[in-house]
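Under this note's numbering, the first residue of the sequence shown carries the number 6, and numbering increases by one thereafter.
Note that CB positions come from ideal geometry on N, CA and C, so glycine has one too.
Worksheet for the structure shown next.
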Amino acid sequence: MWKWIEKLLEKLKAIHYAHIILIAVIITSVLSMVGCVSRSPGIPELFIAELPGSKVQFGYVGICSTVNATVCTPAIGTPPADLATMLSVSIDVVHHVLALQQSVSLALPALSGILITCGYFAFWFAWCTKSEKSVKSRRRWIATTRILLWGAVGAAFAAAYLLAFSISAMEVVAPAEQPKSSTGLAVKRESSAGLAVKKGSRLQMLQWAVFSVTALFVSTIHYMLHKIVKEVRDGILPKVEPRTGDTAAAGSGPKASTGAGATQQSGTTDLAPAGGSGAGAGAGATAKDYDRFSLLFESKNPFRQP
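Listed below in structure tokens is the structure:
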């Protein structure tokens, strides 16, 4: 499986493949953020949850209403009274929707996008730094890229998980059934009428898709960085510094090696005929040195008997 993926990446040139996945990350991330902001095709259906009784849906930053016609508007920076007028709903419903909307964290999806952007630029710094003098700088950029991009994967996972958890909590806090009195009759309260919450499945699936393509993009970049680090010629792996003795030996160059070989060859040729006489002379010199050492030891020995 991995060999097939490696061959595919080599054919497509991993850098092109990574950019294709990055486009998918951008598209899915933007769609998840702009749900219920406008009436564009498909945007009103991307909602976190809806209030079926009030015919209101809301996303991360937008609110839609289908009371008379489909009306969608951003909720950030708009007073609740103006929202109630534009959406044709009561002010209580608007306050309830805004409270539910604020309970869902917008920081995690935004953080994931910021980390991906920063990691992308750090990757290009690591990719384009190829001079031998900037080996340490390239290592730092590679480490920074990995930290930022894997942090983006963690933020995307946390955003998808927290969205699912928040929707489940909304369904518990605002159940679909109305409270009943002791006689078993439903009590209709103005503050709770039409405030039951139903989750939006499409945005939840889209948020998990954001996590999946983000993880795929980061895995591709990680594979490319691994190949960069593996190449010794690019100066990423630490080079073994030559020792002083090796440097001196290498400094003599090929001429010195040739001269040494010639000297050794001539020396061998000259000593070969005189091998027997040389061995005899060496043995005689050793015997004379031994006798001289024995006489010296006897003269200096304090325990020697006169």
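1. Which of the three DSSP states is assigned to A201 in this structure?
2. Taking a contact to mean a Cβ-Cβ separation below 9 Å, would you say A164 touches Q106 in this structure?
3. Is the segment 208-226 touching the segment 28-47, taking contact as three or more C-beta pairs under 8 Å?
4. Taking the C-alpha atoms as reference points, what is the distance between L120 and K232?
5. Mapping the DSSP letters down to three states, classify S45 as helix, strand or coil.
6. Do the segment 96-116 and the segment 57-65 touch if we need at least three Cβ pairs shorter than 8 Å?
7. Sort I26, F52 and S45 by Cα distance to V202 and report the nearest one.
8. Can you tell me whether A3 is helix, strand or coil according to DSSP?
9. Need the endpoints of the alpha helix (DSSP H) that I121 sits in, please.
10. Where do the N-terminal and C-terminal ends of the beta strand (DSSP E) with T78 fall, by residue?
11. Name the DSSP beta bridge partners of V109, please?
12. Helix, strand or coil for H24? Go by DSSP, reduced to three states.
13. Mapping DSSP to helix, strand and coil, what is G67?
14. Does the ligand SAM have even one heavy atom less than 8 Å from the beta-carbon of V218?
15. Cβ of T78 less than 9 Å from any chain D Cβ?
16. If you reduce the DSSP assignment to three classes, tell me which class V39 lands in.
17. DSSP beta-bridge partners for Q62?
18. Does DSSP classify S206 as helix, strand or coil?
Short version:
1. The residue you call residue 201 lines up with position 196 of the sequence shown. Three-state result, A201: coil.
2. Translated into positions along the sequence shown, residue 164 becomes position 159. Translated into positions along the sequence shown, residue 106 becomes position 101. No, the pair does not count as a contact, with Cβ atoms beyond the cut-off.
3. By the Cβ criterion, the segment 208-226 is in contact with the segment 28-47, since at least three pairs of Cβ atoms, one from each stretch, lie closer than 8 Å.
4. Position 115 of the sequence shown, counted from the first residue, corresponds to residue 120. Position 227 of the sequence shown, counted from the first residue, corresponds to residue 232. The alpha-carbon atoms of L120 and K232 are separated by roughly 23 Å.
5. Residue 45 sits at position 40 when you count from the first residue of the sequence shown. In this structure, S45 counts as coil in the three-state DSSP scheme.
6. Touching, yes, given that three or more Cβ pairs across the two stretches are closer than 8 Å.
7. Walking along the sequence shown from the start, residue 202 turns up at place 197. Ranking the options by Cα distance to V202, first place goes to F52.
8. Absent from the structure is residue 3, since the part of the chain shown begins at 6 and ends at 311.
9. To locate residue 121, count along the sequence shown from 1; it is residue 116. Element bounds for I121: A112 to C133.
10. For the purposes of this step, residue 78 is taken as residue 73 along the sequence shown, with counting starting at 1. Element bounds for T78: V76 to P79.
11. For the purposes of this step, residue 109 is identified with residue 104 of the sequence shown, where counting begins at 1. Its beta-bridge partners do not exist; DSSP assigns none.
12. Taking the first residue of the sequence shown as 1, we reach residue 24 at position 19. In the structure shown, H24 falls within a helical segment according to DSSP collapsed to helix, strand and coil.
13. One-based indexing of the sequence shown puts residue 67 at position 62. Strand.
14. Annotation note on the ligand SAM: not contained in the displayed structure, which lists no ligands.
15. Note that chain D does not occur in the displayed structure, where there is just one protein chain.
16. Taking the first residue of the sequence shown as position 1, residue 39 is located at position 34. It is coil, neither helix nor strand.
17. Mapped onto the sequence shown, residue 62 falls at position 57. In the DSSP output, where bridge partners are listed per residue, Q62 has E55 and C69.
18. Sequence index remark: in the sequence shown, residue 206 carries index 201 (1-based). Of the three classes helix, strand and coil, the one that applies to S206 here is helix, per DSSP.
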